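Colleague: To start, I am sharing the structure in question, which I have written as structure tokens.
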Amino acid sequence: MQLVILKETAPGETRVALLPDNLKSLLAQGVSVSVESGAGVSAGASDSDYAATGANVSSDRETLLAQADLLPVVNGIDLQDQSRLKAGAIILGFLHPLQDPTALLTAIERKVTLFSMELVPRISRAQYMDALSSMATLSGYKAIILAADHLPRLFPMMMTAAGTLPPARVLVVGAGVAGLQAIATARRLGAVVEAYDVREAVKDQVQSLGGKFLEVDLNGARGEGQGGYAAELGEEALERGRDLITRTAAYSDVIVSTAAVPGLPAPRLICRAAIEAMRPGSVVVDLAAPGGGNCELTLPGKTQIVGGVTLLAPLNLAAEVPVHASQLYARNILNFLGLILKKGELFVDLSDEVIAGACAAHEGRLVNPRLAQLLEPVSC
Numbered sequence: 004m005q006l007v008i009l010k011e012t013a014p015g016e017t018r019v020a021l022l023p024d025n026l027k028s029l030l031a032q033g034v035s036v037s038v039e040s041g042a043g044v045s046a047g048a049s050d051s052d053y054a055a056t057g058a059n060v061s062s063d064r065e066t067l068l069a070q071a072d073l074l075p076v077v078n079g080i081d082l083q084d085q086s087r088l089k090a091g092a093i094i095l096g097f098l099h100p101l102q103d104p105t106a107l108l109t110a111i112e113r114k115v116t117l118f119s120m121e122l123v124p125r126i127s128r129a130q131y132m133d134a135l136s137s138m139a140t141l142s143g144y145k146a147i148i149l150a151a152d153h154l155p156r157l158f159p160m161m162m163t164a165a166g167t168l169p170p171a172r173v174l175v176v177g178a179g180v181a182g183l184q185a186i187a188t189a190r191r192l193g194a195v196v197e198a199y200d201v202r203e204a205v206k207d208q209v210q211s212l213g214g215k216f217l218e219v220d221l222n223g224a225r226g227e228g229q230g231g232y233a234a235e236l237g238e239e240a241l242e243r244g245r246d247l248i249t250r251t252a253a254y255s256d257v258i259v260s261t262a263a264v265p266g267l268p269a270p271r272l273i274c275r276a277a278i279e280a281m282r283p284g285s286v287v288v289d290l291a292a293p294g295g296g297n298c299e300l301t302l303p304g305k306t307q308i309v310g311g312v313t314l315l316a317p318l319n320l321a322a323e324v325p326v327h328a329s330q331l332y333a334r335n336i337l338n339f340l341g342l343i344l345k346k347g348e349l350f351v352d353l354s355d356e357v358i359a360g361a362c363a364a365h366e367g368r369l370v371n372p373r374l375a376q377l378l379e380p381v382s383c
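In structure tokens, the structure reads:
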């Protein structure tokens, strides 16, 4: 059984799917491992580090793809690479099946099995495989560091001989994993933090980190959906949230927005009026930019100055800390591999709820019902 680790080709991607230390248990099972030259350099792992573990290092990407039985990746692979895979190969990684389903058509047509880390069920048994949470933790931390770097004032209160400097005020929109880490990081830096989320259940978590939870009457709308994620709301409920955010923005120095609904565009919660209400020099970091953004002014991947307010819309903050990001991601991947690797052989048991939940397609057959629905017009 041949496992292949490729060098990621997505723009700005610095992470690697598996690090040298992760290979020991695989090699002990008799799995052969090949690594594309340079795959781990940005994450602190050299070709010689991989070779020292017993992996084969090669610069021939085309041959590596043709040999692969199992291909763990970070950010998917393009259509050209998919066309080089043999039938029956398995790809495991962030494949974005619900955001860009047609990008997987070549692999599906070649009867490749696709496991998407975004689809891993949010159940206790799968916590150790939850790569979304791992990367969101890093993004939430990094967002606050980014905001602090751009803000023309300090985060903590400081008492000096020349007078007292008040603390910065931070508003976090969305109290999922990224939002909670943003709250914790901002508090560690000394900021006063408020947070808004449509899910009443996260109130205790926000307060336990030292933040103030902002509540709004959603007029009976249910804020929490399947798996503990935020639910899609109607326009009236969204407008009530926007009004609260706009009023809070007027006295906030920093807004970090993280609100997302799985498989759907990011909800627009921050309107132009909220940005215009902020003082010049304030900073907004829109972590929902990959889904279009929580702010109506967001241009994904771009930094703008709007009325003196800096609006940042990073697409891959986790890739800015590739060493720790790769360490966490590789552990998630290795834990998932433990489900489908038995004594060095691949075994896909779709009766297992974690395996079935993460599976987008198996040997050419669409397994995920939402993906099947999205691709139906294409396959007709």
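Using the working numbering, you'd call the opening residue of the sequence shown number 4 and step up by one each time.
Backbone N, C-alpha and C define an ideal beta-carbon position, used for all residues, glycine too.
Computed from a predicted structure; not experimentally measured.
1. Take every Cβ of the segment 121-135, pair it with every Cβ of the segment 151-158, and state whether three or more of those distances are shorter than 8 angstroms.
2. Answer yes if the segment 9-18 comes into contact with the segment 26-46, meaning at least three C-beta pairs across the two stretches below 8 angstroms, and no otherwise.
3. What number of angstroms, rounded off, separates the C-alpha of Arg282 from the C-alpha of Leu108?
4. In the DSSP assignment, the beta strand (DSSP E) including Lys215 goes from what residue to what residue?
5. With DSSP as the reference, label Thr313 as helix, strand or coil.
6. Are the segment 303-316 and the segment 331-348 touching by the rule of at least three beta carbon pairs closer than 8 angstroms?
7. Is Glu323 a contact residue of the ligand MN, with contact defined as CB to any heavy atom under 6 angstroms?
8. Helix, strand or coil: which one does DSSP assign to Thr167?
9. Enumerate, from N- to C-terminal direction, the unbroken alpha helix (DSSP H) stretches of 4 or more residues contained entirely within the segment 21-45.
10. Mark Gly231 as exposed unless 16 or more other C-beta atoms lie within 10 angstroms of its C-beta, in which case mark it buried.
11. So, Asp200 versus Ala178, is the Cβ gap smaller than 7 angstroms?
12. In angstroms with no decimal places, state the Cα-to-Cα distance between Ser49 and Gly43.
13. Since Val176 and Ile278 should fall inside the 8 angstroms C-beta cutoff, what is the C-beta to C-beta distance between them, to a whole number of angstroms?
14. Taking 7 angstroms as the cut-off, decide whether the C-beta atoms of Ala189 and Val173 are in contact.
15. Terminal residues of the continuous beta strand (DSSP E) containing Glu203?
16. With DSSP as the reference, please indicate the residues paired to Ala364 in a beta bridge.
17. According to DSSP, is Ala250 part of a helix, a strand, or is it coil?
18. Looking at the secondary structure, which residues open and close the alpha helix (DSSP H) in which Ile111 lies?
19. With a Cβ-Cβ cutoff of 7 angstroms, do Leu369 and Ala361 count as a contact?
20. So, using beta-carbon positions, are Leu290 and Thr313 closer together than 7 angstroms?
21. Please look up how many angstroms separate the CB atoms of Gln32 and Leu344, rounded, as I've assumed it's under 8 angstroms.
22. Do the segment 318-329 and the segment 117-125 make contact, defined as three or more Cβ pairs closer than 8 angstroms?
23. Can you tell which of Leu122, Gly310 and Leu149 has its C-alpha closest to the C-alpha of Ala134?
24. Compute the distance between the beta-carbons of Ala69 and Val60, then report whether it is under 7 angstroms.
25. Roughly how many whole angstroms lie between the Cα atoms of Gly91 and Asp352?
26. Any idea if Met2 is buried or exposed, counting beta-carbon neighbours within 10 angstroms, 16 or more meaning buried?
Modeller: Taking the coordinates as given:
1. no
2. yes
3. 47 angstroms
4. Lys215 to Leu217
5. strand
6. no
7. Judged by which ligands are present, the structure shown has none, so any question about the ligand MN falls away.
8. strand
9. 26-31
10. Annotation note: pLDDT 48 at Gly231 (below 50); position unreliable, coordinate value reported separately. By the neighbour-count rule (16 or more Cβ atoms within 10 Å), Gly231 is not buried but exposed.
11. yes
12. 6 angstroms
13. Incorrect: roughly 13 angstroms between the Cβ atoms, too far for contact.
14. yes
15. Premise fails: Glu203 is in no beta strand (DSSP E) and is neither H nor E.
16. Leu117 and Leu369
17. For the sequence presented, residue 250 should be read as Arg rather than Ala. Here Arg250 sits in helix by DSSP.
18. Leu108 to Glu112
19. no
20. no
21. 7 angstroms
22. no
23. Leu122
24. no
25. 15 angstroms
26. The structure shown does not extend to residue 2, since the chain is modelled only from 4 through 383, so no value can be given for it.
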